[in-house]
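Peer 1: Encoded as structure tokens, here's the structure I'll be asking about.
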Amino acid sequence: MAELILKQFATPLLDPFNLELAPGECMTISGPSGSGKSRLLRAIADLDPHDGEAWCGDTAQHGITGPAWRSRVGLLPAESAWWSDRVSDHFPKLDGEILERLDLPAETGDWQVNRFSSGERQRLALLRLLSNQPDVLLLDEPTANLDKANIDRAETIIAQWRKAHQTAVLWVTHDPEQQHRVGTSSLVIENRQLVKSWS
Amino acid sequence: MELIRLTPLDLALAALLVLALALLSLKLSLGIGQRLLIAALRTVVQLSLLGLVLKFLFVQSHPMLIAALALFMLVVAGYEVMARQQRRFIGAWGMGVGTLSMFISSFTVTLIALTVIVQAEPWYSVQYTIPLLGMLLGNTMSGIAIALDNLTQSAWQQQREIEGRLMLGHTWEEAIRVIRRNALRSGLIPIINAMAAAGVVSLPGMMTGQILAGSPPFEAAKYQILIMLLIAAGTGFGASAAVWIGSRRLFDERERLRLDRLSPAKPE
């Protein structure tokens, strides 16, 4: 467990700002589309060039390699990527326990990715990310393409994980109700600035 | 056996055939007639010039002049590789990746062939240097162009998959491995096919030329075998170098995918 600290952090769409996110906290971010929410998360995961420095606990972003940083600060996009046919190819180790948590039979590990529903795929993507045991979770509208039942399940998995592992979570969402359901505090992007909405 | 010399009239007759093809293209509005004619014209002008230059070099075979011609051929080949890319690297890399790879592979392989295998006296004698280098450059050029194009196009189309892997903490090499392998395969398939069909389906150009010029067929066959093997090696190493340099360039020092280093796709 570790906190996320951003100092004089800036992206092409956001002016420099400071941010601290404590372990176990879940901060939501909202803002009009095109205001740079996704790009902010991509910059924090060090997928895009940016200004300023980020720390995960005592570890500076520039102190470790990009891949090492990204396995500690994991980003989950709205639409998950699957580069191989079989689901199990995407996990270092896909055991029955993981599939059981998704109410999926163990043999589904050999299934083709496209046999799963979008909700199942998104939960698999979430567990794939969590299997890295990240200290910080960056969620980019992770439930945007899901129906009500699947949203509930995804939120439950994330909340349980966050509390059990004291993971710091930064969650981009449009839905004001979801912000209050999952968040411990909330930010909104206005005119290139990150503004505190409530906490 | 005496070589039958071709007259301008002979070439004009062959040119008439291409002209007829261009007319057909116009009639069927294939829209390729102009490109066909320009390419044919380039062939006539470029090969005539090369003939003249080589004629001069046979007399005046200073090593610096040969080196200058070799360098010129390399630069043109590098430009051709760049021109065949749908999405080329921005800046000096656009021409650099292909030119450097061809330099590494074609020049090295030609040098080995000249000094270790053919051992002409002197080893840089024009009669061997330029034809060997030309055959190698021409073929590695195609292989490298195909492999690079495949690499950059696939990276562009599979941005989500590549970044999906990066997000999970995979290294750039893990994230691009499959694309890189496929790009290299695509660059090697033409020469593999050419070797498989050589002598059975197709009579390769160099052997044809030597036979026409009166060489004993078996000697011509041996030269063709040498050339084919050299081309395979040159294409393979050249495409590997290009794919390696190119794939490395697609990522920066933080191992981020940097598609902004590619130019937008050329309109078809």
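Chains as they are written, first to last, in my numbering: chain A, 139 to 337; chain B, 3 to 270.
Even for Gly, the Cβ is constructed at its ideal location relative to N, Cα and C.
Within 10 angstroms of its Cβ, does K231 of chain A collect 16 or more other Cβ (buried), or is it exposed?
Peer 2: The sequence position of residue 231 of chain A within the first sequence is 93, counting from 1. Exposed.
Peer 1: Would you tell me roughly how many angstroms separate the C-alpha atoms of G248 of chain B and V180 of chain B, rounded to the nearest one?
Peer 2: For the purposes of this step, residue 248 of chain B is taken as the residue at position 246 of the second sequence. For the purposes of this step, residue 180 of chain B is taken as the residue at position 178 of the second sequence. Straight-line Cα distance between these residues: approximately 14 Å.
Peer 1: Among B:G35, B:V55, B:M97, B:L38, which has the Cα closest to the Cα of S265 of chain B?
Peer 2: In the second sequence, residue 265 of chain B corresponds to position 263, counting from 1. Ranking the options by Cα distance to S265 of chain B, first place goes to B:M97.
Peer 1: Among B:I164, B:T154, B:V120, B:Q155, whose alpha-carbon lies nearest the alpha-carbon of Y225 of chain B?
Peer 2: In the second sequence, the residue the question calls residue 225 of chain B occupies position 223. The option with the nearest alpha carbon to Y225 of chain B is B:V120.
Peer 1: Let me make sure I understand the geometry here. Which of A:L151, A:R259, A:D227, A:N252 has the alpha-carbon closest to that of D241 of chain A?
Peer 2: Position 103 of the first sequence holds residue 241 of chain A. The option with the nearest alpha carbon to D241 of chain A is A:R259.
Peer 1: At a Cβ threshold of 8 Å, is S218 of chain A touching chain B?
Peer 2: Here residue 218 of chain A refers to the residue found at position 80 when the first sequence is read from its first residue. Judged by the 8 Å Cβ criterion, S218 of chain A is in contact with chain B.
Peer 1: Can you tell me whether D184 of chain A is buried or exposed, with buried defined as 16 or more other CB within 10 angstroms of its CB?
Peer 2: As a working note, residue 184 of chain A is residue 46 in the first sequence. Buried.
Peer 1: Output the distance between the C-alpha atoms of G234 of chain A and W246 of chain B, rounded to the nearest integer angstrom.
Peer 2: Here residue 234 of chain A corresponds to residue number 96 of the first sequence, with the count starting at 1. Here residue 246 of chain B corresponds to residue number 244 of the second sequence, with the count starting at 1. Between G234 of chain A and W246 of chain B, the C-alpha separation is close to 39 Å.
Peer 1: Tell me which residues share the same chain as H228 of chain A and place their Cβ nearer than 7 Å to its Cβ, disregarding the 5 neighbours each side in the sequence.
Peer 2: Start at 1 with the first residue of the first sequence, and residue 228 of chain A comes out as number 90. For H228 of chain A, where only same-chain residues beyond five positions count, the Cβ hits under 7 Å are W220, S222, R266.
Peer 1: Which stretch, first to last residue, makes up the alpha helix (DSSP H) that contains F60 of chain B?
Peer 2: On the second sequence, residue 60 of chain B is found 58 positions in, with the first residue counted as 1. Segment 35-61, the alpha helix (DSSP H) holding F60 of chain B.
Peer 1: With a 10 Å radius around its C-beta and 16 neighbouring C-beta atoms as the bar for buried, classify Q159 of chain B as buried or exposed.
Peer 2: Counted from its first residue, the second sequence places residue 159 of chain B at position 157. Exposed, since its Cβ has fewer than 16 Cβ neighbours within 10 Å.
Peer 1: What would DSSP say about S27 of chain B, mapped onto helix, strand or coil?
Peer 2: Indexing the second sequence from 1 puts residue 27 of chain B at position 25. In the structure shown, S27 of chain B sits in a helix (DSSP, three-state: H, G or I).
Peer 1: So, is Q199 of chain A buried or exposed, given that buried needs 16 or more other C-beta atoms within 10 angstroms?
Peer 2: By 1-based counting over the first sequence, the position of residue 199 of chain A is 61. Q199 of chain A is buried by the Cβ-count criterion.
Peer 1: With 8 Å set as the bound, which would you pick, yes or no: does the beta-carbon of T203 of chain A sit closer than that to a beta-carbon of chain B?
Peer 2: Taking the first residue of the first sequence as 1, we reach residue 203 of chain A at position 65. Cβ-Cβ to chain B under 8 Å: yes for T203 of chain A.
Peer 1: DSSP on P154 of chain A, reduced to helix/strand/coil?
Peer 2: The residue labelled residue 154 of chain A in the question sits at position 16 within the first sequence. Strand, per DSSP.
Peer 1: Runs of 4 residues minimum, wholly inside the segment 229-271 of chain A: which ones carry the alpha helix (DSSP H) assignment?
Peer 2: For the segment 229-271 of chain A, whole alpha helix (DSSP H) runs of length 4 or above, ordered along the chain, are 234-239, 256-268.
Peer 1: Evaluate the contact criterion for the segment 221-238 of chain B versus the segment 88-96 of chain B: three or more CB pairs, one atom per stretch, below 8 Å.
Peer 2: The segment 221-238 of chain B is not in contact with the segment 88-96 of chain B.
Peer 1: Which of helix, strand or coil does DSSP assign to A16 of chain B?
Peer 2: Along the second sequence, one-based indexing puts residue 16 of chain B at 14. Helix, per DSSP.
Peer 1: Can you list, in chain order, the residues of its chain whose CB lies under 8 Å from that of L73 of chain B, leaving out five sequence neighbours each side?
Peer 2: By 1-based counting over the second sequence, the position of residue 73 of chain B is 71. None.
Peer 1: State the Cα-Cα distance for the pair D273 of chain A and P161 of chain A, rounded to the nearest angstrom.
Peer 2: As a first step, residue 273 of chain A must be located in the first sequence, where it is residue number 135. As a first step, residue 161 of chain A must be located in the first sequence, where it is residue number 23. Looking at the two C-alpha atoms, the distance is approximately 8 Å.
Peer 1: Relative to the alpha-carbon of V55 of chain B, which residue among B:L150, B:Q129, B:R86, B:E123 has its alpha-carbon at the smallest distance?
Peer 2: Counting from one through the second sequence, the residue named residue 55 of chain B turns up at place 53. If we check each option's Cα against that of V55 of chain B, B:Q129 comes out closest.
Peer 1: Do you know offhand how far G201 of chain B's Cα is from D248 of chain A's?
Peer 2: Counted from its first residue, the second sequence places residue 201 of chain B at position 199. Counted from its first residue, the first sequence places residue 248 of chain A at position 110. Each residue's Cα considered, the two are about 46 Å apart.
Peer 1: Given this structure, state the Cα-to-Cα distance separating I194 of chain B from A234 of chain B, to the nearest angstrom.
Peer 2: Position 192 of the second sequence, counted from the start, is the residue given in the question as residue 194 of chain B. Position 232 of the second sequence, counted from the start, is the residue given in the question as residue 234 of chain B. C-alpha separation (whole angstroms): 7 Å.
Peer 1: Suppose contacts are defined by Cβ-Cβ distances below 8 Å. Is M104 of chain B in contact with I132 of chain B by that definition?
Peer 2: Indexing the second sequence from 1 puts residue 104 of chain B at position 102. Indexing the second sequence from 1 puts residue 132 of chain B at position 130. Against a cut-off of 8 Å, the Cβ pair of I132 of chain B and M104 of chain B comes out as no contact.
Peer 1: Using 8 Å as the threshold, is the C-beta distance between S107 of chain B and F239 of chain B below it?
Peer 2: Residue mapping note: residue 107 of chain B aligns to position 105 of the second sequence, counting from 1. Residue mapping note: residue 239 of chain B aligns to position 237 of the second sequence, counting from 1. Yes, they are a contact pair.
Peer 1: Quick check on this structure: which residue in A:E163, A:S168, A:M139, A:K145 has the alpha carbon closest to the alpha carbon of R210 of chain A?
Peer 2: For the purposes of this step, residue 210 of chain A is taken as the residue at position 72 of the first sequence. Looking at the Cα atoms, A:M139 is the closest of the given residues.
Peer 1: What does the alpha-carbon distance come out to for the pair F58 of chain B and I229 of chain B?
Peer 2: Reading the second sequence from its first residue, position 56 is the one you call residue 58 of chain B. Reading the second sequence from its first residue, position 227 is the one you call residue 229 of chain B. Whole-angstrom Cα-Cα distance: 25 Å.
Peer 1: For R208 of chain A, count neighbouring C-beta atoms within 10 Å of its own C-beta (all shown protein chains included) and say buried if the count is 16 or more, exposed if not.
Peer 2: Residue 208 of chain A sits at position 70 when you count from the first residue of the first sequence. R208 of chain A is buried by the Cβ-count criterion.
Peer 1: Identify, in the order they occur along the chain, each residue of the same chain with its Cβ nearer than 8 Å to the Cβ of E191 of chain A, setting aside the five sequence neighbours on each side.
Peer 2: The residue given as residue 191 of chain A occupies position 53 in the first sequence. Cβ within range, chain order: L144, K145, Q146, F147, A198, Q199, H200.
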